[in-house]
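Counting in the numbering used here, the sequence shown runs from 143 upward without gaps.
Working notes for the structure below.
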Amino acid sequence: MIYQGKAIRVQALGDGNAELTFDLQDESINKLSSAVILELEEAVKALQAQSDIQGLMISSAKDVFIVGADITEFHGIFGKDEDYLVEMNLKVHQLFNTIEDLPYPTVTAINGLALGGGCEMLLTTDFRVMAEGAKIGLPETKLGIIPGWGGCVRLPRLIGADNAIEWIAGGTENKAAAALKVGAVDAVVAPALLREAALDLLAEARAGNINWEAKRAEKKAPLRLNPVESMMVFETAKGFVAGKAGPHYPAPVEAIKAIQKGATAGREKAQEIEAKIFAKMAKTEVCFNLVGLFLSDQLIKKKASAYEKQVSAVKKAAVLGAGIMGGGVAYQSASKGTPIMMKDINEAALQLGLKEASKLLGKQVERKKITPAQMAEALGRIRPTLSYGDFADVELTVEAVVENPKIKAAVLAELEDKVAEDAIITSNTSTISITSLAENLKRPENFCGMHFFNPVHRMPLVEVIRGEKSSEKAIAATVTYAKQMGKTPIVVNDCPGFLVNRVLFPYFGGFIGLVEHGADFQKVDKVMEKFGWPMGPAYLLDVVGLDTAVHANDVMAEGFPDRMKRDGKTVLNIMYEAGRLGQKNATGFYKYEEDRKGKPKKVADASTYGLIEPLIQDKRELTDEQIIARMMVPLCLETVRCLEDGIVETAAEADMALIYGIGFPPFRGGALRYIDAMGVDAFVQLADSLADLGPLYHVTDKLREMAAQGKRFYA
């Protein structure tokens, strides 16, 4: 053994070759933490001290190669100043350069995932052999940074600037065939042949059949682009990527700048440029928030995994109520491999549900995500039925009938008699209390809420709602099924609107108040879209449906009358009573016309102003900042209340639910991170300045206490 550490070992293979193996103790994956980087330094020194090595293979003893740097360290490290970050990266560059400069050929055997720093590590070797099914990529821009350990330097020299820009700016994970096609790897083999193929390549290089020194020299030299080619590649890419990423996500364009500025330089100079741009990006608020989201997402996955360990996977599911929502649930279940019954009381609804599932699968075929055979297989997992005949062995049912408490209660009671005694029953409701729906059930412990967001196939969130009598088993089974469907489940406690809708309606309350003070709804939409929301409040209400919004608003007003009940009619009632339901009947705040792809496109409708006119109490000239404050403060305060009331367990889950459920701007990190970024004290002062607008703007005692003590939601 040449070297043995806690994450790395180096051993001689007896034929002049050595092998450096990543095998992080007590972990299922390899990651490049600060401690592992220090070990790598020691391992490389041990290699340099050996005089008889003629070739090196780098490999992994895990199911993955290296998933990247240890992201749990990022907030701590990125809190240091820019000079420190530049120096830190240059030290890693020096280490990776030492590996690249070893006096003999080197090869990496890539299995599983090789991402971020793991991908940058394998770019240091002369050759790369990849197992089928493995993936490589540089996803750093998704965290608001750029590759900082040579990705912006080595990858363009290996696969060309245009391909490297696509990989880096897009943050994509690339399959073996795609990596081979662009030249990122030298060979792709079956996993069982990976080691043998890598050693064969090393033998060829050692025998002089492949010029490994020429390959190495190319990676260290400036990019081979003349000035005209350079301008065309980089300027075109910057324009395209800036348009796609939007103004709130600077990292993809900065990555292109790092490649461009380093293109005419040798290795070390290009690495200095990369290190400086990395440090600049690491200090941005966008990076801080996106790293925070990644960590929150890991927490949610960990919690879901703990629930999954308590129960078996759901082998057969059912959905009650076909139509668009039921069809969406059936599609999601079947496409991810879980057979599902789809029951309705009339044939037309069943056909609509099947049509919806078929349409969504057809789009997957069009995009070449699945084959026609896989589509047929998935459709075969959906079994439409008008009766309860085969419900005896259904393990979990999603009730998705009309949002009416009486109808739901009747359907649930009927269903309970048709399923096995230990079967789990869930209700897909957006507002109705799970505790009250359980009142007529004989086995309320087997019942909980499973709130899907529309459209089901697109929205990643599922709220799993715990009623007063819901058992741990019911929650665990529902979380497990949501995970099987490829969704992100977040467990919340029962209250009107649960978490997401309870928080969303105070936001709409802010909008209602703005309209009454004479704000132009189109201006409000533009301001909030510029702030980062995918759509402004008026447009969002049109998409949700004004009928649905009025119903949900009534539920919220009844549940929280002190702050959500309003005297007289609001803009929601006026629109609904005028028969304007939004996108579903092509007229709401806006009118809707079909675009070339048959999708609804909003166009301004002057007649909306005439409808709103009688509601305007006084006209106030409001700045963009005032509009943002009046929209965001109620949403943030309601999120605080949900955390204080125990509706949601952690700040991380509250923020992720808003990002996954209603499109809260991810780069802002969620409502509670937004308060933290502003400073709790500054947020309280802002809310106090708006207190005369009503109870939606009134700060809780606990939040006031937090502000006085200088506390934050995230440590």
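Note that the Cβ used here is the ideal one computed from N, Cα and C, for glycine as well.
Quick check: the Cα distance between A833 and H840, rounded to an integer number of angstroms?
6 Å
Measure the beta-carbon distance from A303 to P394 and round it to whole angstroms, keeping in mind my assumption that it falls under 8 Å.
The C-beta distance from A303 to P394 rounds to 14 Å, too long to fall under 8 Å, and the pair is not in contact.
4-residue-minimum alpha helix (DSSP H) runs that sit fully inside the stretch 417-455, ordered along the chain:
427-450
Reducing DSSP to helix, strand and coil, say where Q167 ends up.
coil
Within 10 angstroms of its Cβ, does N488 collect 16 or more other Cβ (buried), or is it exposed?
exposed
Smallest Cα separation from C784: which of L814, E315, L764, L365?
L814
Straight-line Cα distance separating R151 from E181
9 Å
So the candidates are E658, A799, A276; which of them puts its Cα closest to the Cα of V633?
V633 has its Cα closest to that of A799, out of E658, A799, A276.
Under 8 Å between the Cβ atoms of G404 and E416?
yes
Would you kindly report the start and end of the unbroken alpha helix (DSSP H) that includes Y681?
Under the DSSP assignment, Y681 falls in the alpha helix (DSSP H) whose first and last residues are 679-686.
Going by beta-carbon coordinates alone, are Q452 and A618 separated by less than 8 Å?
yes
Which partner residues of M483 appear in the DSSP bridge assignment?
A460, R525
Assign V745 to buried or exposed, taking buried as 16 or more other Cβ atoms, counted over all protein chains shown, within 10 Å of its Cβ.
So V745 counts as exposed.
On a CA-only basis, which of L255, P597, E587, I549 is nearest S612? Give me that one, please.
The shortest Cα separation from S612 among L255, P597, E587, I549 belongs to E587.
In three-state DSSP terms, what is P141?
The structure shown does not extend to residue 141, since the chain is modelled only from 143 through 857, so no value can be given for it.
Does the stretch 564-582 come into contact with the stretch 481-498, if we say contact requires no fewer than three beta-carbon pairs (one atom in each stretch) closer than 8 Å?
no
Environment of Y751 [buried if 16+ CB atoms lie within 10 Å]
exposed
In the structure shown, what three-state DSSP assignment does S201 receive?
DSSP places S201 in strand when its eight states are reduced to three.
Pairwise C-alpha distance: A699 and I574
13 Å
Nearest candidate by alpha-carbon position, reference E282, set V826, A273, E274, G292:
G292
Return the CA-CA distance between F712 and V775, expressed in angstroms with no decimal places.
Before going on, a small fix: residue 712 reads as Thr here, not Phe. Rounded to the nearest angstrom, the gap between the Cα atoms of T712 and V775 is 20 Å.
Using CA coordinates, which residue listed in S372, E414, K629, D328 is at the minimum distance from L264?
D328
With a threshold of 16 other CB atoms inside 10 Å of the CB of D684, please say whether the residue is buried or exposed.
D684 is buried by the Cβ-count criterion.
Between E498 and I524, is the Cβ-Cβ spacing less than 8 Å?
Taking 8 Å as the Cβ cut-off, E498 and I524 do not qualify as a contacting pair.
DSSP beta-bridge partners of Q153:
E161
Return the CA-CA distance between I754 and M423, expressed in angstroms with no decimal places.
Taking C-alpha positions only, I754 is separated from M423 by approximately 45 Å.
N- and C-terminal bounds of the beta strand (DSSP E) containing Y734
733-736
Please confirm whether F436 has its beta-carbon closer than 8 Å to some beta-carbon of chain B.
Of the chains in the structure shown, none is chain B; there is only one protein chain.
Please classify N488: does DSSP put it in a helix, a strand, or coil?
coil
With DSSP collapsed to three states, give me the class of P631.
strand
Does the beta-carbon distance from I567 to F589 come in below 8 Å?
yes
Roughly how many angstroms separate the alpha carbons of P602 and L189, rounded to a whole number?
47 Å
Drop a sphere of 10 angstroms on the beta-carbon of A203, count the other beta-carbons inside from all chains shown, and report buried for 16 or more, exposed for fewer.
A203 should be labelled exposed.
Determine whether the beta carbon atoms of R608 and N635 lie at a separation below 8 Å.
yes
So, is A794 buried or exposed, given that buried needs 16 or more other C-beta atoms within 10 angstroms?
buried
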